Each structure stands twice: as C-alpha cells, then as structure tokens.
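In this note's numbering, the protein residues as written are 9 to 137. The beta carbon of each residue, even a glycine, is placed where N, CA and C say it ideally should be. What you are looking at is a predicted structure, and each value in this text was computed from that prediction instead of being measured. Only one structure is covered here, and it is reproduced in the block below.
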Amino acid sequence: MAREAHLQMIQAVVSRLAAQSTTIKGWCVTLTAALLGYGATAATPIIIGLALYVIVAFAILDAYYLVLERKYRDLYLRSAGDDQDGWSLTVCRPTPGQIIRGLRSPVLVILYGMSLLVAFGVGLYLLYK
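Here it is as structure tokens:
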C-alpha cells in the first residue's frame, strides 16, 4: 500500500512535468508568432533576433523539463522494482550535457527546429527585401 502511494506521487510529478512541457511549447509558439508578426509588419529585423532568442530559451527550458521527466521515470521504474529505499522523490539535477542531449529529442528538434527555420526565413526576407 505504501509503495503504491509512493509510485502515485512519482507519477504525479511526471504528469506535472509533462504538463509544464506542453505549456512551454504553447508559450513559445505564441510568443514567436507574435514577435514574427510584429517584426514583419514593422519591418524591424531586430525583433526577429528577439524571436530567435525566445525560441532558443524555450527549447533549453523544454529540454530541461524533458530530462527531469526522464529522471523521474527512471526513479519510478527503480521504485516499482523495489530497488529504491524509502520515500525518496529526489533526483540529481540535470547537467548541461544531459540538457544538450535532451535537445536532440525528435519532438524538440521538429518543433524548435522548424520555429528557428521560420524565424531565420522571415529575418532574411526582411533583410533582403
């Protein structure tokens, strides 16, 4: 009974991390679209640079949440296999290398890679228009 409660707590953490990741993706698309729209309308390439910064910042944050989610999934598997002592919900903090590897996730590459391509395209269009 206690082990099931512990597993449910870990599962709740994973669910919250997944929800935060979805929220981050939504905010990134919204802010990027707004910045690209304003930058194209006002014909200011500097705004496009800001959009590129926003995309990279949100990609790194999303990769951080993805790595944390993976760590909690591993904790869940260890706890379910009874290799884990007690009620620990702590995992080690993701290293920069792990976050960079998290950026290679197909979901992040597609979403943020396409966003970067669109932002670069709009920026080049504004520069050479």
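Give the C-beta separation of Pro102 and Leu76 to the nearest angstrom, bearing in mind that I take them to be a contact with Cβ-Cβ under 8 Å. On the sequence shown, residue 102 is found 94 positions in, with the first residue counted as 1. On the sequence shown, residue 76 is found 68 positions in, with the first residue counted as 1. Going by Cβ atoms, the distance from Pro102 to Leu76 rounds to 6 Å, so yes, they are a contact pair.
Rounded to whole angstroms, what's the CA-CA distance from Val62 to Ala10? Just pull it up for me. The count along the sequence shown starts at 1 and reaches residue 62 at position 54. The count along the sequence shown starts at 1 and reaches residue 10 at position 2. Looking at the backbone, the Cα of Val62 and that of Ala10 are separated by about 43 Å.
Using a Cβ-Cβ cut-off of 7 Å (strictly less than) and excluding sequence neighbours within five positions of Leu119, which residues of its own chain qualify? On the sequence shown, position 111 is the one that residue 119 refers to. For Leu119, where only same-chain residues beyond five positions count, the Cβ hits under 7 Å are Lys33.
According to DSSP, is Ala20 part of a helix, a strand, or is it coil? Sequence index remark: in the sequence shown, residue 20 carries index 12 (1-based). Helix at Ala20.
In the DSSP assignment, the alpha helix (DSSP H) including Asp90 goes from what residue to what residue? If you number the sequence shown from 1, residue 90 lands on position 82. First-last for Asp90: undefined, no H or E at that position.
Please state if the CB of Leu83 and the CB of Val99 are separated by a distance shorter than 8 Å. Counting from one through the sequence shown, the residue named residue 99 turns up at place 91. Counting from one through the sequence shown, the residue named residue 83 turns up at place 75. For Val99 and Leu83, yes; Cβs fall inside 8 Å.
Compute the beta-carbon to beta-carbon distance between Ala67 and Leu111, rounded to the nearest angstrom, for a pair I have assumed lies under 8 Å. For the purposes of this step, residue 67 is taken as residue 59 along the sequence shown, with counting starting at 1. For the purposes of this step, residue 111 is taken as residue 103 along the sequence shown, with counting starting at 1. Right, their Cβ atoms sit about 6 Å apart.
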